[in-house]
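**Q**
Chains as they are written, first to last, in this note's numbering: chain A, 17 to 340; chain B, 46 to 216; chain C, 3 to 633.
1) Could you give the first and the last residue of the continuous beta strand (DSSP E) run that contains residue 227/C?
2) What residues from chain C crowd round residue 314/A, counting only those whose CB sits closer than 7 Å?
3) Can you check whether the CB of residue 192/A is closer than 7 Å to the CB of residue 43/A?
4) Helix, strand or coil: which one does DSSP assign to residue 233/A?
5) State the beta-bridge partners of residue 561/C as determined by DSSP.
6) Got a sec: is the Cβ-Cβ distance from residue 52/A to anything in chain C below 7 Å?
7) What residues in the stretch 192 to 215 of chain C bring their beta carbon closer than 7 Å to a beta carbon of chain B?
8) Applying the 10 Å Cβ sphere with the 16-neighbour rule, what's the burial state of residue 459/C?
9) List the endpoints of the continuous beta strand (DSSP E) containing residue 102/B.
10) Buried or exposed: which applies to residue 603/C, given that a residue is buried once 16 or more other Cβ atoms fall within 10 Å of its Cβ?
11) Counting only Cβ-Cβ distances shorter than 8 Å, please list the residues of the stretch 78 to 91 of chain B near chain C, keeping chain order.
12) Restricting to runs no shorter than 4 residues, where is the alpha helix (DSSP H) found entirely within the stretch 72 to 121 of chain A?
13) May I ask you to report which of helix, strand or coil DSSP gives residue 207/B?
14) Can you tell me which residues form a DSSP beta bridge with residue 358/C?
15) Distance check for residue 180/B and residue 177/C, CA to CA, integer angstroms please.
16) For a test of the three-state rule: what should DSSP assign to residue 208/C, helix, strand or coil?
17) Could you check where the beta strand (DSSP E) with residue 178/C kicks off and where it finishes?
18) State buried or exposed for residue 554/C, treating a residue as buried only when at least 16 other CB atoms are found within 10 Å of its CB.
19) Looking at the structure shown, is residue 26/A part of a helix, part of a strand, or coil, going by DSSP?
20) With the cut-off set at 7 Å, would you say residue 343/C and residue 315/C are in Cβ contact?
21) So that I know if they touch, is there some Cβ in chain C lying closer than 7 Å to that of residue 50/B?
22) For residue 244/C, decide whether its Cβ has a neighbour in chain B, counting only Cβ atoms nearer than 7 Å.
23) Can you pull the chain C neighbours of residue 56/B, defined as C-beta to C-beta under 9 Å?
24) Decide if residue 38/A is buried, meaning its Cβ has at least 16 other Cβ atoms within 10 Å, or exposed.
25) Strictly under 7 Å for the Cβ-Cβ distance: is residue 326/C near chain A by that measure?
26) Examine chain C for any beta-carbon lying closer than 7 Å to the beta-carbon of residue 79/A, and answer yes or no.
27) Determine which residues share a DSSP beta bridge with residue 256/C and list them.
28) Can at least three beta-carbon pairs, one atom from the stretch 42 to 51 of chain C and one from the stretch 113 to 129 of chain C, be found at a separation below 8 Å?
29) Would residue 104/B pass as a contact of residue 155/B if the rule is Cβ separation under 7 Å?
30) Note down, in chain order, each residue of its chain lying with its Cβ closer than 6 Å to the Cβ of residue 82/A, except the 5 sequence neighbours on either side.
31) Compute the Euclidean distance between the alpha carbons of residue 291/C and residue 331/C, then round it to the nearest angstrom.
32) Mind checking who residue 187/B pairs with in its DSSP beta bridge?
33) Just to make sure I have the definition right: I need the residues of chain A whose C-beta is within less than 8 Å of the C-beta of residue 484/C. Which are they?
34) Report the residue from 112/A, 246/A, 265/A and 117/A whose alpha carbon sits nearest the alpha carbon of residue 283/A.
35) How would you label residue 591/C, buried or exposed, when you count the other beta carbons within 10 angstroms and need 16 or more for buried?
36) Opposite residue 309/C in the DSSP bridges: which residues?
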């Protein structure tokens with residue numbers, strides 16, 4: 017067992033190659049830090065990835081890694097957990113691959129509660145292939161393949177994950193390192209399908225797209241930090257809040273009493289409030305970061321069907337006979 | 046499903062039993078719960094021992110036909126051609142719906158003008174439930190039983206009722 | 003044209019029929035044809051005969067009774083596989099007119115037709131497209147027709163003794179269902195095969211259900227007795243024309259190729275103590291192996307129904323990455339889907355078994371029809387140069403051996419291996435002597451000592467890398483689909499590295515060819531024509547060769563059990579005869595592959611209509627080639 021548990025020990029011998037200022041550096045640093053704090057030996061950690069900028073991450077981590085699972089990474093994770101249930105399996109997906117070739121595998125894995133931690137690194141652009149739009153690119157964004165701005169609606173990754181039955185769903189920001197570390201740590205300890213959307217700035221192709229959330233000066237006005245069993249409040253002195261009413265969500269009238277807002281419950285059996293929170297968008301609503309949902313369910317590698325077939329009996333079939 | 050012959054537990058949808066190779070494809074129908082259902086689902090029409098039908102040639106006049114119906118106390122009769130192939134059915138319904146439309150002419154006209162041509166029929170190995178379903182769907186009280194195009198029996202809803210009552214009584 | 007067995011018409015039927023002999027049992031799917039042919043095989047197999055059954059499933063699922071689309075047929079062949087096949091049959095059992103309609107052309111003019119006359123009523127005849135009854139009168143098709151009211155006789159046999167008793171023993175339907183056993187009794191008498199194995203089987207299977215057991219036995223015995231007393235035709239003892247194989251006291255079972263494949267996977271799991279997973283989808287016809295595998299799972303062998311073929315292959319690859327053996331069953335358009343995972347397994351050097359069930363047609367084509375359609379896809383169908391080992395079983399029982407061989411290659415070389423199944427080897431079944439699995443060879447793995455300093459890509463003498471799986475302390479490494487440096491996991495896009503890696507992968511295929519060794523071919527000296535085939539067509543092709551040999555042609559047969567890499571002695575095999583006939587159920591893929599690599603005087607025999615070769619035609623082609631006529 018390797019006990020070299022500090023974050024430097026998790027760096028591989030590979031030179032890290034991302035553009036200067038890329039949010040992936042911060043994410044990599046937090047991943048290494050979280051790994052070094054986990055009570056899991058390094059050789060038990062496996063990072064899978066497909067293609068894209070973020071998918072280089074396994075190369076920079078001195079754990080077991082497998083790259084190039086183009087879309088099928090989450091299925092490979094399922095197979096790996098069947099063969100080796102003791103391993104901790106991570107999957108790095110960008111928004112291009114995650115909502116491209118991997119989409120339906122991702123939804124099925126959530127449904128089956130495959131025990132994999134999915135880092136969905138969302139920069140709302142396909143960076144490695146030089147700036148084409150993805151399914152999360154905001155309406156009207158100019159990209160290499162949409163010279164007049166994109167015209168298609170977007171998907172909200174966390175809302176999709178909740179809708180397909182993921183048992184742990186969270187969102188964090190590349191620049192908010194403490195929060196990111198906390199979310200990664202909780203995901204690592206979660207048993208089942210953990211989906212973490214990390215909003216990451218692409219310096220080259222989609223710079224400042226999260227500036228409303230990541231910018232320091234007015235961040236509190238646009239952002240709710242979700243906490244379990246705490247009211248959904250934000251803004252200066254938590255004057256603003258969100259309220260669930262009937263089947264919708266609305267802005268509560270500002271006041272200071274702290275009881276005007278609804279309480280966030282990440283383990284509620286009813287997924288719809290979390291799903292609504294995950295779909296909120298600026299500027300009409302604040303956007304949420306933190307853990308949307310965290311529930312316990314049997315994992316796929318525990319619950320998939322294993323029969324009690326006896327090979328010796330099967331070999332003879334239902335009706336062997338002797339030659340007379 | 047459980048194989049009805051060897052009791053082997055098969056996966057739903059298996060075409061044949063894994064253990065004894067019995068064809069299972071026609072078993073995924075509802076299982077009978079009691080002897081009435083069992084009889085309806087499994088017994089063929091033959092068990093009703095329905096009477097041979099009264100068949101009249103197509104040229105028979107309506108008045109003759111009505112006499113026979115009154116005489117024999119029956120609600121429907123069959124119309125056949127000279128080779129005994131069935132052409133249609135003439136029932137009380139036809140009398141009410143068609144014959145009474147032209148009260149002056151009908152007595153001497155051939156019955157084939159008023160019969161219901163090509164009625165629904167069944168075969169002697171059809172199941173009772175199939176027959177009952179046909180009667181219910183079409184609202185018929187009588188169904189001819191054919192063999193090679195020729196009528197061999199006529200089932201009335203009364204035959205069916207008696208059969209079911211007998212099953213209940215025997216119980 | 004081939005001469006039509008001139009001695010057939012004059013020879014007395016009772017004693018000297020030619021050696022290959024085929025029986026066809028046909029009827030509605032609801033007539034219990036599967037049970038009938040299975041029991042016939044057990045009865046004949048118990049006498050020591052090798053039996054080969056090729057089933058023909060209804061064209062439509064759950065089709066209406068007595069329609070052409072609902073016909074189930076079993077063709078039963080006697081004797082060793084390589085000489086058992088026969089285009090036509092001299093005995094046809096038709097349980098209904100639709101079955102007769104589909105198979106009347108296969109019955110010899112002098113053949114015997116045994117028919118269940120109870121189902122030849124007007125309506126059934128019309129359903130099958132007959133204007134008049136083909137069993138009797140001026141429209142009688144075969145002069146040796148035995149028309150038996152099987153349903154009535156069965157009913158009488160079962161219920162006769164109970165007259166006056168408290169009603170019938172069983173319901174009308176249950177009685178009717180026993181008529182297949184009545185027919186079986188008749189067929190067994192005709193071939194003078196003892197009935198005891200069938201009686202034992204009935205007792206064992208239906209002991210839980212005494213009334214069914216009693217009825218089955220009565221119907222079966224009644225059929226046998228009826229044939230004895232009422233039959234106008236002489237018996238045709240099997241012993242006259244089929245060689246019993248020397249298996250006295252041996253334990254035998256009937257096995258289909260799909261069953262054999264699943265058993266092989268179970269064996270691999272128990273022998274290697276590694277996780278073996280079969281991941282597949284519901285796509286026909288590979289769905290058949292899926293349901294068999296799902297019923298055979300245990301702690302070591304798992305089955306997973308994946309959401310599509312890419313997911314199936316990816317999941318299997320995940321298992322292999324974890325140190326197990328990932329397998330995937332696929333057919334039709336699912337195969338190209340998996341191409342990228344095969345390519346990734348080749349790049350990352352991980353084992354993977356692809357069980358490809360070939361079906362006819364492009365796109366979704368004809369899912370239930372026979373073809374050897376995917377050889378090109380299997381050998382060539384990847385981006386870049388990603389070689390794939392391709393094997394093809396020759397018979398149902400050979401699926402067991404071939405699957406084990408595929409696993410041996412995959413585990414020894416850490417390479418993906420594809421097995422090409424077809425309708426003849428996967429779906430057909432044959433008698434199989436149950437092997438003693440403890441005598442089977444152990445599986446080998448690439449050498450890896452956990453204390454050695456070797457990295458994950460340092461190759462051994464077989465050019466296989468050590469299989470270091472996640473969880474091994476101190477050996478953390480990254481695999482991937484990117485090109486890399488030889489003997490190192492280091493990603494590299496340098497031209498010389500790419501060149502070296504391409505050479506390395508090609509060299510590894512050479513090592514696999516070495517591992518597979520020479521293909522044993524029985525080529526006597528001075529051969530005029532060599533027939534070369536692969537896959538499930540072996541029985542037909544070799545039967546044709548035997549017939550041609552009897553006519554004086556010096557012909558040899560070779561079965562390619564592995565198609566990529568080709569056997570080491572391929573050149574010698576091709577040069578062992580003056581002419582080579584390459585026969586396959588596609589447009590001539592193997593022929594093209596061979597022509598590209600070897601100089602030989604070859605001809606291609608192809609068939610692309612979804613059916614198997616006809617022995618007469620193959621024989622005719624051989625005769626023409628031998629005479630030097632153009633084909």
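Think of the CB as a built atom: it goes at the ideal place given N, C-alpha and C, for glycine as much as any other residue.
**A** So, to answer that:
1) Taking the third chain and counting its residues from 1, one reaches residue 227/C at position 225. Where residue 227/C is concerned, there is no enclosing beta strand (DSSP E), although the alpha helix (DSSP H) it sits in stretches over 212 to 232.
2) On the first chain, residue 314/A is found 298 positions in, with the first residue counted as 1. The contacting residues do not exist; residue 314/A stays about 16 Å from chain C at best.
3) Taking the first chain and counting its residues from 1, one reaches residue 43/A at position 27. Taking the first chain and counting its residues from 1, one reaches residue 192/A at position 176. Taking 7 Å as the Cβ cut-off, residue 43/A and residue 192/A do not qualify as a contacting pair.
4) Position 217 of the first chain, counted from the first residue, corresponds to residue 233/A. Residue state, collapsed to three classes: coil.
5) Counting from 1 along the third chain, the entry for residue 561/C is found at position 559. In the DSSP output, where bridge partners are listed per residue, residue 561/C has 535/C.
6) Here residue 52/A refers to the residue found at position 36 of the first chain. No, no contact with chain C.
7) 207, 208, 210, 211 and 214
8) On the third chain, position 457 is the one that residue 459/C refers to. Buried, because 16 or more other Cβ atoms sit within 10 Å of the Cβ of residue 459/C.
9) Locating residue 102/B in the second chain gives position 57, counting from the first residue. Segment 100 to 102, the beta strand (DSSP E) holding residue 102/B.
10) Position 601 of the third chain, counted from the start, is the residue given in the question as residue 603/C. Residue 603/C is exposed by the Cβ-count criterion.
11) 83, 87, 88 and 89
12) 89 to 99 and 111 to 114
13) Residue mapping note: residue 207/B aligns to position 162 of the second chain, counting from 1. Three-state result, residue 207/B: helix.
14) In the third chain, the residue the question calls residue 358/C occupies position 356. Residue 358/C pairs with 332/C and 422/C.
15) Locating residue 177/C in the third chain gives position 175, counting from the first residue. Locating residue 180/B in the second chain gives position 135, counting from the first residue. Using only the alpha carbons, I get a separation of about 27 Å.
16) For this step, residue 208/C is matched to residue 206 along the third chain. Reduced to three states, the DSSP call for residue 208/C is helix.
17) As a position in the third chain, residue 178/C is number 176, starting the count at 1. Run containing residue 178/C: none in the beta strand (DSSP E); it sits in the alpha helix (DSSP H), 174 to 179.
18) Your numbering for residue 554/C matches position 552 in the third chain. By the 10 Å Cβ count, residue 554/C comes out exposed.
19) Position 10 of the first chain, counted from the first residue, corresponds to residue 26/A. Helix at residue 26/A.
20) Here residue 343/C corresponds to residue number 341 of the third chain, with the count starting at 1. Here residue 315/C corresponds to residue number 313 of the third chain, with the count starting at 1. Taking 7 Å as the Cβ cut-off, residue 343/C and residue 315/C qualify as a contacting pair.
21) Locating residue 50/B in the second chain gives position 5, where the first residue counts as 1. Yes, residue 50/B counts as interfacial toward chain C.
22) Within the third chain, residue 244/C is the residue found at index 242, counting from 1. Note on residue 244/C: pLDDT 48, under 50, position unreliable in the model; the coordinate value appears next. Residue 244/C does not count as touching chain B.
23) As a position in the second chain, residue 56/B is number 11, starting the count at 1. Those within 9 Å of residue 56/B in chain C are 293, 296 and 297.
24) Taking the first chain and counting its residues from 1, the one referred to as residue 38/A is at position 22. Buried, because 16 or more other Cβ atoms sit within 10 Å of the Cβ of residue 38/A.
25) Here residue 326/C corresponds to residue number 324 of the third chain, with the count starting at 1. True, the Cβ-Cβ gap to chain A drops below 7 Å.
26) Here residue 79/A refers to the residue found at position 63 of the first chain. Judged by the 7 Å Cβ criterion, residue 79/A is in contact with chain C.
27) Mapped onto the third chain, residue 256/C falls at position 254. Bridge partners of residue 256/C: 433/C.
28) no
29) The residue you call residue 104/B lines up with position 59 of the second chain. The residue you call residue 155/B lines up with position 110 of the second chain. Closer than 7 Å, so yes.
30) For the purposes of this step, residue 82/A is taken as the residue at position 66 of the first chain. Closer than 6 Å at Cβ, skipping near neighbours: 64.
31) Here residue 291/C refers to the residue found at position 289 when the third chain is read from its first residue. Here residue 331/C refers to the residue found at position 329 when the third chain is read from its first residue. So the alpha carbons of these two residues sit roughly 7 Å apart.
32) Within the second chain, residue 187/B is the residue found at index 142, counting from 1. DSSP lists 201/B as partners of residue 187/B.
33) For this step, residue 484/C is matched to residue 482 along the third chain. Neighbours of residue 484/C on chain A, chain order: 83 and 84.
34) As a working note, residue 283/A is residue 267 in the first chain. Ranking the options by Cα distance to residue 283/A, first place goes to 246/A.
35) Numbered from its first residue, the third chain carries residue 591/C at position 589. Buried, by the Cβ-count rule.
36) For this step, residue 309/C is matched to residue 307 along the third chain. For residue 309/C, which the question treats as bridged, DSSP gives no partner whatsoever.
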